[in-house]
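Residue numbers (the numbering used here): 2 to 104. Note that CB positions come from ideal geometry on N, CA and C, so glycine has one too. Note that the coordinates shown come from a computational prediction; the quantities given were computed from them, not determined experimentally.
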């Protein structure tokens, strides 16, 4: 439980710091995607994980596990989108990155 709360708190702190950054027009889509990704981890996955760990009823835990699985899929899609925005930003900034390999 403590580790789940610590993870959520850590990501929330990163999100708060990232939200306060001034970013260039070139970095805007990457910034927005990154903050959205962190928001989903904290407000979606983090909350569900803590509820799951805390829950005692088997039926409710099973339902929460399904929600967590759905949330993980959503987060994976956001991570992929965020990576695309990051690669585009880096390429615009003059750091050439191959979108296939991420290198």
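Helix, strand or coil at residue i [DSSP, three-state]
i, result
"residue 91", "helix"
"residue 70", "helix"
"residue 44", "helix"
"residue 26", "coil"
"residue 64", "helix"
"residue 82", "helix"
"residue 59", "helix"
"residue 96", "coil"
First through last residue of the alpha helix (DSSP H) which encompasses residue i
i, result
"residue 40", "29-41"
"residue 13", "3-21"
"residue 48", "48-55"
Per-residue burial, residue i [other beta carbons within 10 Å of its own, 16 or more giving buried]
i, result
"residue 38", "buried"
"residue 16", "buried"
"residue 12", "buried"
"residue 22", "exposed"
"residue 95", "exposed"
"residue 66", "exposed"
"residue 47", "buried"
### Query
Would the stretch 24-34 and the stretch 62-78 be scored as touching if the rule is three or more Cβ pairs under 8 Å?
No, because fewer than three Cβ pairs between the stretch 24-34 and the stretch 62-78 fall closer than 8 Å, the two stretches do not touch.
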